[in-house]
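Numbering (this note's numbering), first residue to last: 287 to 822. Structure, as structure tokens:
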């Protein structure tokens, strides 16, 4: 199960570093701060995959005591923090409760993530519908200004201008084909406002602000429970707007003139909450600080150099990699390894031998007592293979890691073994029929099946008998709690279809007495090998 708290904490370190860096760079250009925030958000999304693929580095910690000061009861296959001589206490449902809490957290995260993604998809769908219903702008003033500014700003993406029926929408969306959405009355705007609006929106297109913002919102959806990601995405949108404002001012537009046009657009255009997927030009809540920044002549407005951008990424990667891979040990010395062995009904299994083997093939053995408990004694931290077998049950081989405290707990349950039957269907070979080489017959195991109440023998298909064909049909089936046979299937692709059909028809009619485990009827998987052979 994914540890959401651990991943969220590690990702928070990266996002917090990006937010701190953007605060330190408050006197630098908004484009650089936008780049730092975007790199931080995307680096935080890589924390989980980096943690799973890169080798971990250990954060030293003082050894934990060998005795637990609190009266915690042992749980299935757990490291017992009590002294080796301490008498084990009955198992408690603490492990089950912890798993239930983790499952509840996972379900809650899934609901929040799905809701966040759904909001983005609904917003995107609405904008797609609005764009399809919009009318392409054919005003020569807009077309000529768009061509001129596209060439001046070196915009390589295809750009389309649309006039929508939404008076409150002025913004840009789209990746390879950017769409600039404008209100219906835009054709009555003066030329200077047309150039300001196009300069601002084309700056968004050149900087790829829309795909960056959408990707950041998807990361925020994954970390919807973390307020740092909400703050980072809001700052990212704010810095993208200021960076585009700087691009317009760098083109020679006076700050006072730009501010007056921005105010006029904001008064008439009220962005809808459903247009959050669009990068709006005039969001009323951001006008004050944007105009203040426009009129502040001490701020840097130049675009960041590639060297500065590369340095920002390098710093954030230097933060993200350690945050994803560090690990703190809680203990360093050997600890007693104890646990309880259960069957599939939850009853304990006494007198069962278990073997613990390390990487050097050194083995330690233990056996369960009358309460189903086992004790391997003091075991050093590391990785081990735990094996156990019991007649009538499937053997188990389970990896046990004694490296991190949260991985020391295991629940061991033995499953009822697989029943096996071998049936041979013999018939006399017809005179003149060609001889056929006998196929191999798979021998069954030593597990005793439940008592068969109804046995139906397969019938040798006449066409196969006349042709002198033989074969083996391996089947898999499930014996239910009522003894009926279900889910019968052929488990080999080489079985002849006619022989397989004959075997299936017979096995489906079998009936067994229920398989009882501790007085409770359980389902059992069964394998049946039907051999069709001809005698001379």
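Glycine included, every Cβ here is placed at the ideal spot set by N, Cα and C. A quick note: this is a predicted structure, and the numbers were derived from the prediction, not measured.
Item to complete: Check each candidate in 542, 474, 648, 455 and name the one with the smallest Cα separation from residue 582.
Response: Nearest C-alpha to residue 582: 542.
Fill in: Straight-line gap, residue 641 to residue 678 (C-alpha atoms, nearest Å)
A straight line joining the alpha-carbon of residue 641 with that of residue 678 spans about 18 Å.
Worksheet item: How far does the beta strand (DSSP E) with residue 643 in it reach, from first residue to last?
Response: Unbroken beta strand (DSSP E) run through residue 643: 639-643.
Fill in: Own chain residues within Cβ distance below 7 Å of residue 439, not counting five before or after
Close CB contacts of residue 439 within its chain, under the 7 Å cut and outside five residues either way in sequence, are with 488, 489, 492 (chain order).
Worksheet entry | Beta-carbon spacing of residue 669, residue 652 below 8 Å | No, the pair does not count as a contact, with Cβ atoms beyond the cut-off.
Discussion item. Considering only DSSP beta bridges, list what residue 276 is partnered with.
Written reply: For the chain, the structure presents residues 287 to 822; residue 276 sits outside this window and is missing.
Worksheet entry | Option in 519, 484, 762, 390 with minimal Cα separation from residue 548 | It is 484.
Worksheet item: Buried or exposed: which applies to residue 624, given that a residue is buried once 16 or more other Cβ atoms fall within 10 Å of its Cβ?
Response: Buried, because 16 or more other Cβ atoms sit within 10 Å of the Cβ of residue 624.
Worksheet item: Would you report the Cα separation of residue 500 and residue 410, rounded to the nearest angstrom?
Response: Taking the Cα positions, residue 500 is about 10 Å away from residue 410.
Item to complete: Measure the alpha-carbon distance for residue 737 versus residue 633 and round it to whole angstroms.
Response: Roughly 24 Å separates the two Cα atoms.
Fill in: Cβ distance (whole Å) where residue 315 is taken to contact residue 590 below 8 Å
That pair is a contact at about 6 Å.
Worksheet item: By Cβ distance, which residues of its chain are closer than 7 Å to residue 537, with the 5 residues on each side in sequence left out?
Response: The answer, listed in chain order, is 485.
Discussion item. Assuming residue 765 is part of the alpha helix (DSSP H), what are its boundary residues?
Written reply: Where residue 765 is concerned, there is no enclosing alpha helix (DSSP H), although the beta strand (DSSP E) it sits in stretches over 757-765.
Worksheet item: DSSP on residue 818, reduced to helix/strand/coil?
Response: Residue 818: strand per DSSP, three-state reduction.
Item to complete: Taking residue 795 as part of the alpha helix (DSSP H), name the residues at either end of that continuous run.
Response: Annotation: residue 795 is outside any alpha helix (DSSP H) and is labelled neither H nor E by DSSP.
Worksheet item: Are the region 292-304 and the region 475-484 touching, with three or more C-beta to C-beta distances below 8 Å?
Response: In short, these stretches do not touch, since the Cβ pair count stays below three.
Discussion item. As a quick exercise: from 553, 790, 805, 447, pick the residue whose alpha carbon is nearest that of residue 814.
Written reply: Comparing alpha carbon positions, the residue from 553, 790, 805, 447 closest to residue 814 is 790.
Item to complete: Check residue 622 in the structure and name its three-state DSSP category.
Response: Assignment of residue 622 by DSSP, reduced to helix, strand and coil, places it in the strand class.
Worksheet item: Which residues in the same chain have their Cβ closer than 6 Å to the Cβ of residue 473, if we skip the five residues on either side of it in sequence?
Response: Result list for residue 473: 425, in chain order.
Worksheet item: In terms of residue numbering, what span does the beta strand (DSSP E) encompassing residue 687 cover?
Response: It spans 682-687 - the beta strand (DSSP E) in which residue 687 sits, taken as one unbroken run.
Worksheet item: With distances taken from CA atoms, which of 801, 456, 534 is nearest residue 413?
Response: Nearest in C-alpha terms to residue 413, of all of 801, 456, 534, is 456.
Item to complete: Please work out which residues of its chain come closer than 8 Å, Cβ to Cβ, to residue 685, disregarding the five sequence neighbours upstream and downstream, and give them in chain order.
Response: Close CB contacts of residue 685 within its chain, under the 8 Å cut and outside five residues either way in sequence, are with 669, 670, 671, 672 (chain order).
Worksheet entry | 8 Å contact criterion, which residue 445 and residue 429 should meet: CB distance rounded | Between residue 429 and residue 445 the Cβ distance is about 11 Å, and since that is not below 8 Å, they are no contact.
Worksheet item: Assuming residue 742 and residue 792 make a contact with CB atoms under 8 Å, what is their CB distance in whole Å?
Response: About 5 Å separates the beta carbon of residue 742 from that of residue 792, a gap short enough to meet the 8 Å contact definition.
Worksheet item: Which residue from 807, 403, 399 puts its Cα closest to that of residue 631?
Response: Closest option to residue 631, Cα to Cα, is 807.
Item to complete: Reducing DSSP to helix, strand and coil, say where residue 679 ends up.
Response: Strand.
Discussion item. With a threshold of 7 Å on Cβ separation, who are the neighbours of residue 322 within its own chain once the five nearest residues in sequence on each side are excluded?
Written reply: So the qualifying residues of the chain are 304, 307, 308, 311, 598.
Item to complete: To the nearest angstrom, report how far apart residue 649 and residue 636 are at their CA atoms.
Response: If you draw a straight line from the Cα of residue 649 to the Cα of residue 636, it comes to about 21 Å.
Fill in: Buried/exposed call for residue 497, threshold 16 Cβ in 10 Å
Exposed: under 16 other Cβ atoms inside 10 Å.
Discussion item. In the DSSP output, what is residue 746 paired with across the bridge?
Written reply: Paired residue(s): none; residue 746 is not in a bridge.
Practice prompt. Tell me where the beta strand (DSSP E) around residue 651 begins and ends.
Written response: Residues 649-653.
Fill in: Alpha-carbon spacing of residue 824 relative to residue 535, whole angstroms
The structure shown does not extend to residue 824, since the chain is modelled only from 287 through 822, so no value can be given for it.
Item to complete: Go ahead and label residue 408 buried or exposed: buried means 16 or more other beta carbons lie within 10 angstroms of its beta carbon, across all protein chains shown.
Response: Classification for residue 408: exposed.
Discussion item. Can you tell me whether residue 810 is buried or exposed? The criterion is at least 16 other CB atoms within 10 Å of its CB, across all chains shown.
Written reply: Looking at its Cβ environment, which holds 16 or more other Cβ atoms inside 10 Å, residue 810 is buried.
Discussion item. In the DSSP assignment, the alpha helix (DSSP H) including residue 308 goes from what residue to what residue?
Written reply: Counting along the chain, residue 308 sits inside the alpha helix (DSSP H) bounded by residues 290-310.
Worksheet item: Going by alpha carbons, who is nearest to residue 533 out of 508, 519, 579, 511?
Response: Residue 533 has its Cα closest to that of 579, out of 508, 519, 579, 511.
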